[in-house]
């Protein structure tokens, strides 16, 4: 239940709101909104409610790239829990995920790929240097290959598209990755039709993550607010992954 526990969420938001200051560098700025009220867009659900504390947001190029909110905290919970060894991340954002996994003793090194120097400078204005964390400024798809125990792509603005499949292919070509994850993975899998997903050789850790977060949602009582993703889009993404995973299974 923890990622859906209200106190856990509020405490995390307050922790990072106290560290992240309003600032503007180049094309990006950090703002703070006075909480959330109305329909709360959480991870896997939507419900009426409110969050009565300041919410840091990363804004740039006329869009909100991320905010320290229930959806961000809940949606990254399983990845943070699994993080160990050498971890790769695409997308720095406000730094919530990289800061959380850097606290773990099991994590030895974190390499973050961020295309915007402005975003990197904003992050550095809020957080001290950490010997575990290395931030590389540049295109994540044009870098030197590394070996990672866990890799996380977080550049989708909380949206599902075929790009998650394209990035899976490209990033696994560049790097030697033991386990690859992306933001929204569990929501995607839980939205799949049983009649379709049963024929796909999906990675076991992906299924385990989805089962755990589903159980946590159920335990919290939020299951009644569960919201599936678009059926047609989910089917298209699953079919694209099927080509990859079923082909790999046949080769083995």
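Residue numbers (the UniProt record's numbering): 1 to 252. Glycine included, C-beta positions come from ideal geometry on N, C-alpha and C.
Residues bridged to residue i (per DSSP)
| i | result |
| --- | --- |
| residue 31 | 57 |
| residue 138 | Residue 138 pairs with nothing; no bridge assigned. |
| residue 107 | 85 |
| residue 150 | 87 |
| residue 126 | Note: residue 126 sits in no beta bridge, so no partner. |
| residue 38 | 49 |
| residue 112 | 89, 135 |
| residue 181 | 152 |
| residue 226 | 45 |
| residue 63 | 60 |
| residue 25 | 28 |
Residue i, buried or exposed, once every other Cβ within 10 Å from all chains shown has been counted against 16
| i | result |
| --- | --- |
| residue 157 | exposed |
| residue 96 | buried |
| residue 71 | buried |
| residue 28 | buried |
| residue 65 | buried |
| residue 167 | buried |
| residue 99 | buried |
| residue 33 | exposed |
| residue 144 | exposed |
| residue 199 | exposed |
| residue 211 | exposed |
| residue 22 | exposed |
| residue 12 | buried |
C-beta atoms of residue i and residue j nearer than 8 Å
| i | j | result |
| --- | --- | --- |
| residue 75 | residue 148 | no |
| residue 44 | residue 160 | no |
| residue 112 | residue 80 | no |
| residue 174 | residue 151 | no |
| residue 162 | residue 240 | yes |
| residue 48 | residue 38 | yes |
| residue 186 | residue 213 | yes |
| residue 25 | residue 105 | no |
| residue 58 | residue 101 | no |
| residue 180 | residue 245 | no |
| residue 78 | residue 209 | yes |
| residue 188 | residue 234 | yes |
| residue 20 | residue 126 | yes |
Integer Cβ distance of residue i from residue j, believed to fall under 8 Å
| i | j | result |
| --- | --- | --- |
| residue 53 | residue 14 | 6 Å |
| residue 90 | residue 153 | 5 Å |
| residue 138 | residue 115 | 7 Å |
| residue 68 | residue 17 | 7 Å |
| residue 196 | residue 238 | 6 Å |
| residue 110 | residue 133 | 5 Å |
| residue 55 | residue 35 | 6 Å |
| residue 4 | residue 220 | 4 Å |
For this session: Determine contact between the region 30 to 45 and the region 225 to 235, defined as no fewer than three beta-carbon pairs at a distance below 8 Å.
Result: yes
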